[in-house]
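In terms of this note's numbering, the sequence shown has 113 at position 111, counting the first letter as 1, and numbering is strictly consecutive.
Glycine included, each C-beta is placed from N, C-alpha and C at the ideal position.
What you are looking at is a predicted structure, and each value in this text was computed from that prediction instead of being measured.
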Amino acid sequence: MLKDTIDAAIKQAMLAKDKVRLTTLRSIKSQIMLAETAEGATGGALTPEAELKMLNKAAKQRRDAAAIYKEQFRSDLEENELAELAIIEEFLPAQLSEADLVERLVHIIQRVGAQGPSDLGKVMGVAARELSGQADGKRISDVINHLLNNTNL
């Protein structure tokens with residue numbers, strides 16, 4: 003269970019006096035607790051899928067913030083966001099390599115019978131479900147676009 007893993011990591015960060023890690027882990031724990039007590043929640047622990055979705059959202063927020071800080075030449079803030087991102091990624095499944103992602107997407111495209119760019123939505127729905135947590139949604143979309151526009155499958 004992610005909450006227990008985060009609690010143990012918080013204790014280690016406190017002992018190591020690692021402020022960035024501690025802040026990031028407390029942020030994740032806070033998001034978990036909010037999700038567990040949110041209106042309409044099942045009243046118990048989050049499902050592994052919900053935990054993964056929450057971690058992916060937190061990672062995406064850090065990536066986006068780092069990109070904005072980079073554009074604004076705020077390297078100090080960018081470095082902090084990237085450090086937090088690295089900590090969050092420790093709790094996410096390993097990301098697919100480019101070759102593995104292309105291979106999996108080609109199989110999905112063939113399976114759903116996509117013929118061209120107009121079938122992007124059909125492929126994206128299946129790919130997002132099957133590759134959740136293994137690749138960023140934007141990355142999946144970009145590769146699907148490339149495959150549907152540039153190859154004859």
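Task: For Ala-130, three-class secondary structure by DSSP - done: Indexing the sequence shown from 1 puts residue 130 at position 128. In this structure, Ala-130 counts as helix in the three-state DSSP scheme.
TODO: Could you pull the start and end residues of the alpha helix (DSSP H) that Gly-139 belongs to?
DONE: Along the sequence shown, read from residue 1 onward, the residue named residue 139 stands at position 137. Taken as a continuous stretch (DSSP letters only), the alpha helix (DSSP H) holding Gly-139 covers 139-152.
- [ ] Decide yes or no for the touch test of the stretch 141-150 against the stretch 118-129: beta carbon pairs closer than 8 angstroms, at least 3 of them.
- [x] Result yes; three or more Cβ-Cβ pairs closer than 8 angstroms.
Open item on the list: On a Cα-Cα basis, can you pick out the residue from Ile-111, Ala-101, Gln-63, Glu-53 that is closest to Ala-88?
Closed with: Working through the sequence shown from its first residue, we reach residue 88 at position 86. When only C-alpha atoms are compared, the closest one is Gln-63.
Open item on the list: Using only CA atoms, which one of Gln-14, Ser-29, Lys-140 lies nearest to Glu-83?
Closed with: Your numbering for residue 83 matches position 81 in the sequence shown. The shortest C-alpha to C-alpha distance from Glu-83 to any of Gln-14, Ser-29, Lys-140 is the one to Ser-29.
Open item on the list: What does the Cβ neighbour count give for Val-129, buried or exposed, with the cut at 16 atoms within 10 Å?
Closed with: Numbered from 1 along the sequence shown, position 127 holds the residue referred to as residue 129. Checking the sequence, you will find Ala at residue 129 rather than Val. Buried, since its Cβ has 16 or more Cβ neighbours within 10 Å.
Task: Contacting residues, own chain, Cβ-Cβ under 8 angstroms from Pro-95 (five flanking each side not counted) - done: Locating residue 95 in the sequence shown gives position 93, counting from the first residue. For Pro-95, the CB contacts under 8 angstroms within the same chain, skipping 5 residues up- and downstream, are Leu-54, Gly-135, Gln-136 in chain order.
TODO: Less than 8 angstroms between the CB atoms is what I'm expecting for Ile-34 and Met-56, so what's the real figure, rounded?
DONE: To locate residue 34, count along the sequence shown from 1; it is residue 32. To locate residue 56, count along the sequence shown from 1; it is residue 54. Going by Cβ atoms, the distance from Ile-34 to Met-56 rounds to 7 angstroms, so yes, they are a contact pair.
Open item on the list: On a Cα-Cα basis, can you pick out the residue from Leu-79, Ala-85, Pro-50 that is closest to Ala-61?
Closed with: In the sequence shown, the residue the question calls residue 61 occupies position 59. Among Leu-79, Ala-85, Pro-50, the Cα nearest to that of Ala-61 belongs to Ala-85.
- [ ] Assuming Val-145 and Val-104 form a contact by the criterion Cβ under 8 angstroms, report the distance between their Cβ atoms to the nearest whole angstrom.
- [x] For this step, residue 145 is matched to residue 143 along the sequence shown. For this step, residue 104 is matched to residue 102 along the sequence shown. So it is a contact: roughly 6 angstroms between Cβ atoms.
Task: Run of the alpha helix (DSSP H) containing Ala-101, from where it starts to where it stops - done: Against the sequence shown, residue 101 aligns to sequence position 99. Unbroken alpha helix (DSSP H) run through Ala-101: 100-114.
Open item on the list: According to DSSP, is Thr-49 part of a helix, a strand, or is it coil?
Closed with: Position 47 of the sequence shown holds residue 49. Of the three classes helix, strand and coil, the one that applies to Thr-49 here is coil, per DSSP.
Open item on the list: Measuring only the C-alpha atoms, how far is Glu-80 from Leu-4?
Closed with: Your numbering for residue 80 matches position 78 in the sequence shown. Your numbering for residue 4 matches position 2 in the sequence shown. Their backbone Cα atoms lie some 27 angstroms apart in a straight line.
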